[in-house]
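*Asks:* Quick mapping for you: the protein sequence lines, in order, are chains A and B. In case it helps, our numbering puts the first sequence at residues 5 to 117. In case it helps, our numbering puts the second sequence at residues 136 to 249.
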Amino acid sequence: KQEVTQIPAALSVPEGENLVLNCSFTDSAIYNLQWFRQDPGKGLTSLLLIQSSQREQTSGRLNASLDKSSGRSTLYIAASQPGDSATYLCAVNSNYNNNDMRFGAGTRLTVKP
Amino acid sequence: DAEITQSPRHKITETGRQVTLACHQTWNHNNMFWYRQDLGHGLRLIHYSYGVQDTNKGEVSDGYSVSRSNTEDLPLTLESAASSQTSVYFCASSAPGDYSYEQYFGPGTRLTVT
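In structure tokens:
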């Protein structure tokens, strides 16, 4: 059974800092990995999706990397802003039909002005 | 714009009552999913459907059922609500044939069973 772990559970940084969120998974046989953002009381917003054949994806100030062999992914946020404050979730999809998608518990990020 | 909506957004019910949570999407996606989110557990899959008349059990399906009579809707029913089913419920959809199989989520329903 795939287990997904996110460390740290919570992170507080000053505005402008670059930061890295970590996600690890136990089974390297994955189809893709997705990073989501969740604001309090809201649903999940997809940030980046990395296929198993890819090493990284970038969107604006966000960069996600994938190392399947070591079971790790990182989400890099450059020049953090208070608006980046949210919970970030990592999800690993083990097949092409999304019916075995495993989520981490998330990292709650606070960016202080 | 296409979207996915859930109703109600908040619900309080009593133990033993039947509860139905609605999910409606206008993406015209064939794939739809129901998850629950609990502190410390992330999201866990309850049921999913790949099209009309198709339903399948997920990781935590006991005590829940779904039915799919059209493409747009996948209602989730708690047959006899239990306190352990107090949670936040999310509906999601994705499009088959889209190689990424990216999922789009609704805003969630907070259910409290007293």
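Backbone N, C-alpha and C fix where the C-beta goes; we use that ideal spot for every residue, glycine too.
1) Show which residues of chain B have a CB atom less than 7 angstroms away from the CB atom of A/GLY47.
2) How many Å lie between A/LEU23 and B/GLY241 at the Cα?
3) Which two residues bound the contiguous beta strand (DSSP E) that contains A/ARG65?
4) Hey, is A/GLY108's beta-carbon within less than 8 angstroms of any beta-carbon in chain B?
5) State the DSSP-derived secondary structure class of B/GLN220, mapped to helix, strand or coil.
6) Residues of chain B with CB under 8 angstroms from A/GLN38, in chain order?
7) Over the uninterrupted beta strand (DSSP E) stretch that includes A/PRO18, give me the two end residues.
8) Between the region 187 to 204 of chain B and the region 213 to 220 of chain B, can you find at least three pairs of beta-carbon atoms closer than 8 angstroms?
9) Rounded to whole angstroms, what's the CA-CA distance from A/ALA109 to A/LEU93? Just pull it up for me.
10) Do we get a CB-CB distance below 8 angstroms when we pair A/SER50 with the residues of chain B?
*Replies:* So, from the data block:
1) Counted from its first residue, the first sequence places residue 47 of chain A at position 43. Under the 7 angstroms cutoff, chain B gives PHE225, PHE240, GLY241, PRO242, GLY243.
2) Within the first sequence, residue 23 of chain A is the residue found at index 19, counting from 1. Within the second sequence, residue 241 of chain B is the residue found at index 106, counting from 1. A/LEU23 and B/GLY241: Cα-Cα distance of roughly 28 angstroms.
3) Start at 1 with the first residue of the first sequence, and residue 65 of chain A comes out as number 61. Segment: none, A/ARG65 is in no beta strand (DSSP E) and carries neither H nor E.
4) Translated into the one-based positions of the first sequence, residue 108 of chain A becomes position 104. At least one beta carbon of chain B lies nearer than 8 angstroms to the beta carbon of A/GLY108.
5) Counting from 1 along the second sequence, the entry for residue 220 of chain B is found at position 85. Here DSSP, grouped into helix, strand and coil, assigns B/GLN220 to helix.
6) Residue 38 of chain A sits at position 34 when you count from the first residue of the first sequence. Near A/GLN38 (Cβ distances below 8 angstroms), the residues of chain B are GLU237, GLN238.
7) Within the first sequence, the letter at position 14 stands for residue 18 of chain A. Residue range 14 to 18 is occupied by the beta strand (DSSP E) that includes A/PRO18.
8) Yes, the region 213 to 220 of chain B touches the region 187 to 204 of chain B.
9) For the purposes of this step, residue 109 of chain A is taken as residue 105 along the first sequence, with counting starting at 1. For the purposes of this step, residue 93 of chain A is taken as residue 89 along the first sequence, with counting starting at 1. Going by the C-alpha atoms only, they are around 7 angstroms apart.
10) On the first sequence, position 46 is the one that residue 50 of chain A refers to. Residue contact with chain B for A/SER50: present (Cβ-Cβ distance below 8 angstroms to some residue of chain B).
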